[in-house]
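*Asks:* I have a structure I would like to understand better, so I am pasting it below and will then ask my questions one at a time.
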Amino acid sequence: MPQSLARRMDGLHSSAIRDLLTLTARPDVVSLAGGLPDPEFIPRERIRKEAELALADPASVQYGETTGLRRLRDVLAAREGAKIGRPLGAADVVVTHGSQQALSLLAQVLLDPGDVVIVEEPAYTGALQVFRAAEADVRSVALDADGMDTDALQGMLEDGLWPTVVHTVSNFHNPRGVVLAPGRREHLAALADRYGFWVIEDDPYGELFFDGPPPAPVAALSDRVIRLSSASKILAPALRVGWLHGDRRVCEAVELLKQGADLCGSSLTHQIAAGLLSDEPWMGLHLEMLRARYGSRARALADGVTSTFGDRARVSSAAGGMFCWTELTDADIDTAALLQTAVDHGVAFVPGSAFGVAAEHRSALRLCFATCSEDVLTGAAARLGDAYVDHAQS
């Protein structure tokens with residue numbers, strides 16, 4: 000008789016985005032689906048040099064500390080301390096196997112089955128996977144052009160909902176692309192202090208601003224905030240370097256769980272990341288390049304979709320990050336159904352329904368502008384328009 004799987008696996012599904020990446024691997028399909036940095040912008044030559052330096056040290060191929068290479072934690076503590084406006088030490092930082100592992104470990108540390116987690120609507124799919132695996136009761140709060148609607152959150156709290164965790168992608172939201180406004184950051188921090196819930200501030204995109212830096216992190220405003228970030232979007236996903244910092248008890252608990260999960264991260268990639276992040280002049284120039292190139296691509300995609308669709312779509316202009324959120328004005332068009340027609344026309348996107356919690360977002364789609372050149376993005380918008388016309392007429 001086959002053995003059953005653990006109850007926590009009930010209802011868990013593969014990410015729609017991961018499945019879509021397999022579907023759109025065809026070379027004739029322009030994929031605007033995955034949130035992937037352009038390989039041309041990944042500093043491979045500089046990474047190679049840092050790898051050679053690291054490999055001269057035998058420690059680079061040995062087991063390391065569970066919390067991460069001390070030198071890397073020192074660098075991250077300095078960078079994150081500057082963001083939140085107070086000093087951090089290496090003991091305040093835990094390096095993880097990407098920020099997704101940080102989120103997963105935090106869910107295990109902070110949540111018991113049935114605990115309430117509030118996410119933004121629409122929500123980051125990776126967070127939904129993590130919280131559902133933790134058997135949390137996932138609720139959502141509305142998101143608008145200024146980020147999480149903290150007045151709506153306050154209303155939920157006043158109505159008697161007691162969340163353990165509130166999750167926010169505060170800068171250049173995935174999928175919406177919006178930034179949490181300064182006043183709402185203050186309000187969220189005040190609510191966390193008053194009601195005693197934890198805020199997980201998930202910030203992999205904050206360095207990728209096009210016009211000016213985002214406001215100070217929510218973590219600068221309350222000790223109830225655990226802040227996550229990553230080197231994947233600014234250096235290379237293959238380094239698998241993410242990190243978290245916050246309450247010392249939480250960090251120590253994450254360390255205990257991480258010992259059992261993977262013992263430690265990669266000493267080699269930690270040394271590479273430390274070398275890159277500690278070279279401030281080089282890092283500054285590298286980030287300037289990313290901001291300029293991704294900003295140009297964001298404008299090209301938004302202009303292409305606007306030109307192609309006109310008043311048939313509302314396009315959110317991105318001020319940073321990697322994504323352009325688009326809503327079709329014809330509510331009868333289901334973008335999940337439109338997707339196959341789009342793939343047949345040689346372009347792919349993520350349907351809005353992939354990000355829904357309490358809402359379907361059936362007329363919305365997330366478009367990634369990071370991976371393709373401006374000309375390709377303009378052509379992809381035209382293909383998408385052709386697919387829309389064919390689908391609407393079918």
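Going by numbering that gives the first Met the number 0, the sequence shown opens with residue 0, and the numbers climb by one from there.
Ideal Cβ placement from N, Cα and C applies to all residues, glycine included.
1. Is V198 near V178, with beta carbons less than 7 Å apart?
2. If S221 and D192 are in contact, beta carbons under 8 Å, what's the gap, nearest whole angstrom?
3. Between L256 and Q107, which are expected to be in contact by the criterion C-beta below 8 Å, what is the C-beta distance as a whole number of angstroms?
4. Take E134 as the anchor and find which of A386, H269, R292, A5 has the nearest alpha-carbon.
5. Thinking just about the alpha-carbon of each residue, which of E64, P26, H12 is nearest to the one in H269?
6. Indicate the three-state DSSP secondary structure (helix, strand or coil) for H186 in the structure shown.
7. Please confirm whether L75 and V92 have their CB atoms less than 7 Å apart.
8. Find out if the Cβ-Cβ distance for the pair T340, D37 is shorter than 7 Å.
9. Taking the alpha-carbon of C323 as reference, which of V356, G309, A312, A297 has the nearest alpha-carbon?
10. Would you check if the distance between the CB atom of A379 and the CB atom of V28 is smaller than 7 Å?
11. Excluding five sequence neighbours on each side, which residues of the same chain lie with their C-beta closer than 8 Å to the C-beta of V375?
12. For a test of the three-state rule: what should DSSP assign to G241, helix, strand or coil?
13. At what residues does the alpha helix (DSSP H) containing S228 begin and finish?
14. Compute the Euclidean distance between the alpha carbons of A386 and R311, then round it to the nearest angstrom.
15. Near H344, which residues of its chain fall below 7 Å by C-beta distance, leaving aside the five closest residues on each side in sequence?
16. I need the straight-line Cα distance from H12 to L52, nearest angstrom please.
17. Look up I117 in the DSSP assignment and give the residues it is bridged to.
18. With respect to the alpha helix (DSSP H) encompassing A273, which residues constitute its N-terminal and C-terminal limits?
19. When you compare the stretch 111-121 with the stretch 135-155, are there three or more beta-carbon pairs, one atom per stretch, that lie closer than 8 Å?
20. Who are M147's beta bridge partners in DSSP?
21. Where D333 and P174 are concerned, what is the direct C-alpha to C-alpha distance, given to the nearest angstrom?
22. Return the residue from the list V60, D329, L243, G274 that minimises the CA-CA distance to H390.
23. Alpha carbon to alpha carbon, how far is P214 from S362? Give it in angstroms, no decimals.
24. May I ask you to verify whether the stretch 95-107 touches the stretch 257-264, counting CB pairs closer than 8 Å and requiring at least 3?
25. Using the rule of at least 16 other Cβ atoms within 10 Å of the residue's Cβ for burial, across every protein chain shown, is R85 buried or exposed?
26. If we count the other Cβ atoms within 10 Å of its Cβ and call it buried at 16 or more, is D114 buried or exposed?
27. What first and last residue would you give for the alpha helix (DSSP H) that runs through D73?
*Replies:* Reading it off the structure:
1. The residue you call residue 198 lines up with position 199 of the sequence shown. The residue you call residue 178 lines up with position 179 of the sequence shown. Not closer than 7 Å, so no.
2. As a position in the sequence shown, residue 221 is number 222, starting the count at 1. As a position in the sequence shown, residue 192 is number 193, starting the count at 1. So it is a contact: roughly 5 Å between Cβ atoms.
3. Position 257 of the sequence shown, counted from the start, is the residue given in the question as residue 256. Position 108 of the sequence shown, counted from the start, is the residue given in the question as residue 107. Yes, L256 and Q107 are in contact; Cβ-Cβ is about 6 Å, under 8 Å.
4. In the sequence shown, the residue the question calls residue 134 occupies position 135. That would be A5, whose Cα lies nearest to the Cα of E134.
5. By one-based count along the sequence shown, residue 269 stands at place 270. Checked all of E64, P26, H12; the closest Cα to H269 is E64.
6. Locating residue 186 in the sequence shown gives position 187, counting from the first residue. DSSP places H186 in helix when its eight states are reduced to three.
7. Here residue 75 is taken as the residue at index 76 of the sequence shown, counted from 1. Here residue 92 is taken as the residue at index 93 of the sequence shown, counted from 1. Contact: yes.
8. By 1-based counting over the sequence shown, the position of residue 340 is 341. By 1-based counting over the sequence shown, the position of residue 37 is 38. No, the pair does not count as a contact, with Cβ atoms beyond the cut-off.
9. In the sequence shown, the residue the question calls residue 323 occupies position 324. Comparing Cα positions, the closest option is A297.
10. Taking the first residue of the sequence shown as position 1, residue 379 is located at position 380. Taking the first residue of the sequence shown as position 1, residue 28 is located at position 29. No, the pair does not count as a contact, with Cβ atoms beyond the cut-off.
11. Residue mapping note: residue 375 aligns to position 376 of the sequence shown, counting from 1. Here V375 has V29 as same chain residues with Cβ atoms under 8 Å from its own Cβ, once five neighbours each way along the sequence are excluded.
12. Counted from its first residue, the sequence shown places residue 241 at position 242. G241: strand per DSSP, three-state reduction.
13. Here residue 228 refers to the residue found at position 229 of the sequence shown. No alpha helix (DSSP H) holds S228; the beta strand (DSSP E) holding it covers 224-229.
14. In the sequence shown, the residue the question calls residue 386 occupies position 387. In the sequence shown, the residue the question calls residue 311 occupies position 312. Distance between the alpha carbons of A386 and R311: 13 Å.
15. Translated into the one-based positions of the sequence shown, residue 344 becomes position 345. Only R382, D385, A386 meet the Cβ criterion.
16. The residue you call residue 12 lines up with position 13 of the sequence shown. The residue you call residue 52 lines up with position 53 of the sequence shown. The C-alpha of H12 lies about 42 Å from the C-alpha of L52.
17. In the sequence shown, counting from the first residue as 1, residue 117 sits at position 118. According to DSSP, which records beta bridges pairwise, I117 is partnered with R138, V165.
18. Sequence index remark: in the sequence shown, residue 273 carries index 274 (1-based). The continuous alpha helix (DSSP H) containing A273 extends over residues 266-277.
19. Between the stretch 111-121 and the stretch 135-155 there are three or more C-beta pairs closer than 8 Å, enough to call the two in contact.
20. Taking the sequence shown and counting its residues from 1, the one referred to as residue 147 is at position 148. DSSP lists L142 as partners of M147.
21. Taking the first residue of the sequence shown as position 1, residue 333 is located at position 334. Taking the first residue of the sequence shown as position 1, residue 174 is located at position 175. So the two alpha carbons sit approximately 17 Å from each other.
22. Numbered from its first residue, the sequence shown carries residue 390 at position 391. H390 has its Cα closest to that of D329, out of V60, D329, L243, G274.
23. Within the sequence shown, residue 362 is the residue found at index 363, counting from 1. Within the sequence shown, residue 214 is the residue found at index 215, counting from 1. Spanning the two alpha carbons is a distance of roughly 31 Å.
24. In short, these stretches touch, since the Cβ pair count reaches three.
25. One-based indexing of the sequence shown puts residue 85 at position 86. Burial is judged here by how many other beta carbons sit within 10 angstroms of a residue's own beta carbon; R85 has fewer than 16 and is exposed.
26. To locate residue 114, count along the sequence shown from 1; it is residue 115. Buried, because 16 or more other Cβ atoms sit within 10 Å of the Cβ of D114.
27. Against the sequence shown, residue 73 aligns to sequence position 74. Its alpha helix (DSSP H) spans residues 69-83.
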